[in-house]
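Protein chains in written order, with my numbering: chain R, 1 to 300; chain G, 301 to 600.
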DNA sequence: CCCGTCTGTCAAGGTTTTGTACAGATCCTG
DNA sequence: CAGGATCTGTACAAAACCTTGACAGACGGG
């Protein structure tokens with residue numbers, strides 16, 4: 001897994017998001033990389049080199065001069081991964097979520113899937129699922145929403161970003177139905193197609209021992225009720241971006257809530273009126289709410 | 301073990317999606333294959349050779365240069381390296397797709413996520429992406445559709461299955477925008493939410509060297525057109541389950557088709573009338589159509 | 001405000017890599 | 001035996017790289 005594939009400069013450039021000219025300049029001026037050469041003289045890089053370039057880029061984004069960044073990146077190559085102390089940046093810990101979101105946003109703007117995946121890879125490498133969700137995914141979704149409302153984002157870009165993130169989150173979700181914990185059934189009401197927040201919520205619950213049954217977007221109330229009868233979950237979560245989609249199912253939710261925990265979530269939950277039913281209204285971020293529910297259920 | 305199902309170069313070319321000239325060039329330049337010869341001197345290939353060519357193609361699609369891809373593909377022939385989950389296995393290994401589908405169906409009926417994931421894991425272990433798609437995914441989607449029409453499947457079960465499969469397919473799709481191949485832009489028209497077939501198509505194209513830009517379900521025509529302007533793909537694919545969703549965008553598709561390849565796919569393509577435009581109508585399964593398009597584009 | 005340094009970018013001119021094409025001879029199958 | 005499929009060898013052109021050298025904007029110090 002360590003060494004391996006030999007990338008030519010073009011591919012390294014694409015994966016690292018640094019132009020070939022600059023890569024050569026860094027090599028010449030700071031001796032950042034020492035690629036092997038093909039018989040014909042072409043530079044061949046390893047995956048370690050890729051990491052080093054990414055590290056250098058990150059340091060530059062943090063405000064260091066190129067020379068300093070190169071020194072740091074070169075040193076880090078040997079020593080056991082230090083804390084990556086970001087000098088004077090965000091209050092964040094080892095993970096500069098702010099910078100990551102910015103890079104992610106740029107990748108989405110350009111429909112650059114590899115770059116976006118790379119950012120997520122880096123985030124996953126240093127963050128727990130909880131941190132990933134609350135510091136990157138949730139803010140990123142908010143960003144997307146804001147830019148969308150301001151008209152800065154096209155539908156195509158929004159879809160592109162959603163599908164990319166959905167793939168990664170569902171990847172993390174693999175096996176979330178396994179185990180012996182209490183079951184939670186997750187769904188969005190009819191008309192609602194924003195399921196990313198719900199997936200994030202599912203992951204946060206999973207990290208606390210729940211078993212997840214995920215129905216996803218655009219699920220009719222009767223189907224949810226039917227699934228509840230089959231699955232017999234301890235918790236049902238319905239998420240929507242607008243309260244208008246939640247209100248019509250109020251009675252059925254209230255009915256369900258007589259035998260089990262029922263909650264509404266998402267931006268739409270804020271304006272949802274549970275009346276005198278036992279339906280919980282979750283307005284905080286997924287991780288916080290998952291934590292709250294875990295406590296309520298006497299779970300870790 | 302290594303059955304010499306003597307394939308001639310034409311047959312190998314068709315199955316691997318690589319032109320005969322290129323196969324000979326790879327043999328000469330990188331010693332990728334060492335076919336036996338017929339008494340008259342014709343090259344005879346084994347199924348192992350086929351796998352090796354496919355592996356090489358995949359590495360190229362990942363952005364590696366031909367020489368490096370060949371080195372990796374040759375090395376993989378001996379020891380199973382990391383990452384070759386889809387191609388490394390026994391080439392002829394019979395995958396009992398029928399039984400797998402039955403188990404998958406039962407798992408879905410019971411909302412048993414772990415069981416369903418296990419079935420998919422097994423399939424992935426022995427099948428190539430192509431085989432997985434054409435022998436498992438596509439028939440499974442058809443099954444779902446049929447049972448849905450007969451009312452044997454609840455909405456909840458359909459959603460459950462879709463999200464599960466979507467997660468796995470998008471997992472396989474990771475990095476499908478990488479590399480230097482021609483770009484293909486994939487989307488569903490407004491109102492269409494069945495994107496699984498389209499994802500499968502994207503994977504099949506990917507296996508043949510294309511770079512994929514995926515917009516997914518429910519994308520307005522103007523957004524598709526806008527994205528085309530940004531991305532400048534060589535191919536645009538629009539997929540829908542019903543022709544009613546495709547017909548309204550006929551004019552825009554015809555317009556797009558004047559400068560690049562445009563195709564409609566999905567069940568709805570069957571009833572789509574391209575008129576006198578150059579819009580291609582893809583009615584066969586994703587793998588077959590991807591193969592056809594690859595040939596049309598002179599791709600490997 | 002001027003000057004030297006740092007950095008990212010570009011251009012010119014030449015080489016390597018790689019997919020594709022062609023020509024003429026040979027092989028295979030109905 | 002005709003016609004399609006292959007074989008060998010050579011050639012090409014586009015894309016990607018290489019090296020050297022230069023240059024403009026940003027920035028800190030005098």
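Even for Gly, the Cβ is constructed at its ideal location relative to N, Cα and C. In this text, all values refer to a predicted model and were calculated from it rather than measured experimentally.
Beta-carbon proximity of residue i to residue j, cut-off 9 Å
i	j	result
residue 601(G)	residue 484(G)	This structure does not reach residue 601(G), given that chain G is present from 301 up to 600, and the question cannot be answered.
residue 7(R)	residue 45(R)	yes
residue 493(G)	residue 170(R)	no
residue 503(G)	residue 472(G)	yes
residue 329(G)	residue 366(G)	yes
residue 301(R)	residue 266(R)	This structure gives no information on residue 301(R), because the portion of chain R shown stretches from 1 to 300.
residue 218(R)	residue 250(R)	no
residue 289(R)	residue 160(R)	no
residue 368(G)	residue 359(G)	yes
residue 552(G)	residue 581(G)	no
residue 487(G)	residue 536(G)	yes
residue 436(G)	residue 400(G)	yes
residue 261(G)	residue 543(G)	No statement about residue 261(G) is possible, as the shown extent of chain G runs from 301 to 600 and does not include it.
residue 232(R)	residue 261(R)	no
residue 454(G)	residue 154(R)	no
Chain R residues whose Cβ lies nearer than 8 Å to that of residue i
i	result
residue 476(G)	113
residue 531(G)	111
Alpha-carbon to alpha-carbon, residue j and residue i
i	j	result
residue 530(G)	residue 363(G)	21 Å
residue 497(G)	residue 263(R)	33 Å
residue 452(G)	residue 458(G)	10 Å
residue 215(R)	residue 450(G)	21 Å
residue 228(R)	residue 402(G)	24 Å
residue 323(G)	residue 291(R)	57 Å
residue 353(G)	residue 41(R)	26 Å
residue 106(R)	residue 278(R)	43 Å
residue 285(R)	residue 141(R)	11 Å
residue 335(G)	residue 317(G)	18 Å
residue 547(G)	residue 576(G)	14 Å
residue 50(R)	residue 221(R)	49 Å
residue 13(R)	residue 55(R)	14 Å
residue 94(R)	residue 431(G)	Any answer about residue 94(R) is weak, because its pLDDT of 49 lies below 50 and its placement is not dependable; what the coordinates show is given next. The alpha-carbon atoms of residue 94(R) and residue 431(G) are separated by roughly 43 Å.
residue 332(G)	residue 11(R)	22 Å
residue 409(G)	residue 456(G)	10 Å
residue 384(G)	residue 180(R)	For residue 384(G), the predicted structure reports a pLDDT of 39, less than 50, and the residue's modelled location is therefore unreliable. The matter cannot be settled from this model.
residue 138(R)	residue 287(R)	10 Å
residue 199(R)	residue 205(R)	10 Å
residue 74(R)	residue 57(R)	12 Å
residue 129(R)	residue 337(G)	55 Å
residue 182(R)	residue 413(G)	15 Å
residue 396(G)	residue 145(R)	45 Å
residue 327(G)	residue 433(G)	29 Å
residue 123(R)	residue 361(G)	25 Å
residue 421(G)	residue 19(R)	39 Å
residue 70(R)	residue 370(G)	33 Å
residue 600(G)	residue 398(G)	Confidence in residue 600(G) is poor, its pLDDT being 39 and thus under 50, which makes the residue's placement unreliable; the coordinate value appears in the next sentence. For residue 600(G) and residue 398(G), the distance between alpha carbons rounds to 30 Å.
residue 104(R)	residue 148(R)	15 Å
residue 92(R)	residue 321(G)	At residue 92(R) the pLDDT is 36, less than 50, meaning the model places this residue with poor confidence; the figure from the coordinates comes in the next sentence. C-alpha separation (whole angstroms): 55 Å.
Partner residues on chain G for residue i, Cβ-Cβ distance less than 7 Å
i	result
residue 6(R)	368
residue 155(R)	519, 520 and 523
residue 159(R)	515, 516 and 519
residue 117(R)	474 and 475
Under 7 Å by beta carbon: chain R residues contacting residue i
i	result
residue 365(G)	8
residue 466(G)	170
residue 526(G)	154 and 156
Listed by chain order, chain R residues near residue i by CB distance under 9 Å
i	result
residue 493(G)	193, 217 and 218
Heavy atom of the ligand COA within 8 Å of residue i beta-carbon
i	result
residue 52(R)	In terms of ligand content, the structure shown is empty, and the ligand COA therefore cannot be addressed.
Chain G contact residues for residue i, given Cβ-Cβ distances below 8 Å
i	result
residue 305(R)	This structure cannot speak to residue 305(R), because chain R is shown only from 1 to 300.
Under 9 Å by beta carbon: chain G residues contacting residue i
i	result
residue 98(R)	Within 9 Å Cβ-Cβ: nothing; residue 98(R) doesn't reach chain G, min ~25 Å.
residue 14(R)	363, 478, 479 and 480
- Item | Cβ contact check for the region 452-471 of chain G and the region 413-432 of chain G: 3 or more pairs under 8 Å | yes
- Evaluate the contact criterion for the region 507-527 of chain G versus the region 471-491 of chain G: three or more CB pairs, one atom per stretch, below 8 Å. yes
- Counting only runs that start and end within the region 523-580 of chain G, where is the alpha helix (DSSP H) found for 4 or more residues in a row? 543-546 and 550-556
- Query: Mind pulling the alpha helix (DSSP H) runs of 4 or more residues that sit fully within the region 480-508 of chain G?
  - Reply: 496-506
- Message: Suppose only complete runs of 3+ residues qualify. What are the beta strand (DSSP E) ranges in the region 334-370 of chain G, listed by chain order?
- Response: none
- Item | Length at least 3, wholly inside the region 397-434 of chain G: the beta strand (DSSP E) runs in chain order | none
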